[in-house]
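I have placed the structure first, in the form of structure tokens, so that the comments after it can refer back to it.
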Amino acid sequence: MKAAMILLVLAIIVLAGCDKAAEEQTTDGQQAAPEPAIKYDPAKESDLDDIEDVFEAIEGNLDLME
Amino acid sequence: MKSNLVFSLMIIIVLAMSSIAYAAGGGGGGGSRPKPVTTDVPAEEEKTCDELTSLSQRVKCRLEKGGEEGVHESCNAAADKSACAELYKEVYPCYSKSGKSKDKCFRNVAGESKRNYVLFLLYDLEERAEKAYDAGKITSDRAAFLISKIIDIKKKVIGNESPTRVRPFITELRKMWGTEIQ
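What follows is the structure in structure tokens.
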């Protein structure tokens, strides 16, 4: 009876540990998810009066730099 | 005898007091008046903006004094500084344009070089920060801070750094821009 109780307690501890590890893995997985790619068309003329267009043109052309 | 002693003492006191008064009078009369202290310390030489040590100090100085810089700061990172200066000269008329025509102008000057195009766009941001300061929307400290960041990025672009090394600085600048200039 005593041995069964000890086994039960151990089982609860192990299960709790596994649950926590799984939770951490999910969080890590979410952080590692790739950011959405910037949809930039280099052929499209940018309206440089719009600051968002300026930054998009800068970021979009970074990868195209020789 | 006693009265003689008192009389002598009184004479001594009177003589002593008169000599003190004479000495005091002589001091204030002018003959021995101390000369005014002349401070021959030379006025602190005012440094030109180019002589200041840090980039943000130089940028702030130029913003406040309104002077033009001799050589573009970012050209210091270029292998050919005069070619870099020429490039800026060539693109300069584009900055009087706006919207899509400004973009077209940048593309024409940059030609096939995306690196130069990025450089022109970064310089456009610099101009915006300057205009924001001129319009009183931002302090000279904050404008100098932003412009210094842009110049640092331009140096990386001119210095042929890889896009992956430049990108985090652009992302940081974009975030800062949103909070600094509304």
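Taken in order, these protein sequences are the chains called A and B. For the first sequence, my numbering assigns the number 1 to the initial residue and increments by one for each residue that follows. For the second sequence, my numbering assigns the number 67 to the initial residue and increments by one for each residue that follows. Note that beta-carbon positions come from the ideal geometry of N, C-alpha and C, so glycine has one too. Here the structure is a predicted model, which means the values were calculated and not measured.
Quiz prompt | CB-CB length for B:I256 against B:A143, believed under 8 Å | solution = Residue 256 of chain B is absent from the model: chain B starts at 67 and stops at 248.
Quiz item: In the structure shown, what three-state DSSP assignment does B:L239 receive?
Solution: helix
Quiz item: B:I236 touches chain A at which residues, Cβ-Cβ below 9 Å?
Solution: F55, I58, E59, L62
Quiz item: Of the residues that make up the stretch 173–187 of chain B, which ones have a beta carbon closer than 9 Å to any beta carbon in chain A?
Solution: R173, E178, S179, K180, R181, Y183, V184, L187
Exercise. Identify the contact partners of B:L118 in chain A, using a Cβ-Cβ distance below 8 Å as the criterion.
Key: Those within 8 Å of B:L118 in chain A number zero; the least Cβ separation is about 28 Å.
Quiz item: Considering only the beta carbon of each residue, do A:V54 and A:L48 sit closer than 8 Å?
Solution: yes
Quiz prompt | Spatial neighbours of B:A210 in its chain, beta-carbon cut-off 7 Å, leaving aside the 5 residues before and after | solution = S122, V125, K126, L129
Quiz item: In angstroms, rounded to a whole number, what distance separates the CA positions of B:F233 and B:V184?
Solution: For the record, residue 233 of chain B in the displayed sequence is Arg; it is not Phe. One C-alpha to the other measures close to 12 Å.
Practice problem: If I'm right that B:E246 touches B:L212 with Cβ under 8 Å, what's the distance once you round it to whole angstroms? | Solution: 6 Å
Quiz item: Counting only runs that start and end within the stretch 139–225 of chain B, where is the alpha helix (DSSP H) found for 4 or more residues in a row?
Solution: 147–157, 165–176, 180–200, 206–224
Exercise. Quick one: which residues of the stretch 206–234 of chain B get their C-beta closer than 8 Å to a C-beta of chain A? List them in chain order.
Key: V223, P229, V232, R233
Quiz item: Exposed or buried, which one is A:G60 when buried takes at least 16 other CB atoms within 10 Å?
Solution: buried
Quiz item: What's the gap between the Cα of B:S206 and the Cα of A:L15?
Solution: 60 Å
Practice problem: Between the Cα of B:G132 and those of B:P159, B:E196, B:K155, spot the shortest distance and give me the residue it belongs to. | Solution: B:E196
Quiz item: If we call anything under 8 Å between Cβ atoms a contact, is B:L188 one with B:K220?
Solution: yes
Self-check item: Contacting residues, own chain, Cβ-Cβ under 6 Å from B:V175 (five flanking each side not counted)
Solution: E156, V157
Quiz item: For A:D49 and chain B, any beta-carbon pair shorter than 8 Å?
Solution: yes
Practice problem: Compare the C-beta of A:M5 against all C-beta atoms of chain B and say whether one is closer than 8 Å. | Solution: no
Self-check item: Reduced DSSP category for A:I39 - H, G, I as helix; E, B as strand; rest coil
Solution: Reading off the sequence, residue 39 of chain A comes out as Lys, not Ile. If DSSP states are grouped into helix, strand and coil, A:K39 belongs with coil.
Exercise. Please check if any C-beta of chain A sits within less than 8 Å of the C-beta of B:L191.
Key: yes
Quiz item: Among A:L7, A:D50, A:A57, which residue has its Cα nearest to the Cα of A:K44?
Solution: A:A57
Self-check item: Within 7 Å of chain A by C-beta, residues of the stretch 146–173 of chain B in sequence order
Solution: S164, G165, K166, K168, D169, K170
Quiz item: Where does B:S122 fall in DSSP's three states?
Solution: helix
Practice problem: Would you decide whether B:I236 is buried or exposed? Buried here means 16 or more other CB atoms lie within 10 Å of its CB. | Solution: buried
Quiz item: Using the rule of at least 16 other Cβ atoms within 10 Å of the residue's Cβ for burial, across every protein chain shown, is B:I204 buried or exposed?
Solution: buried
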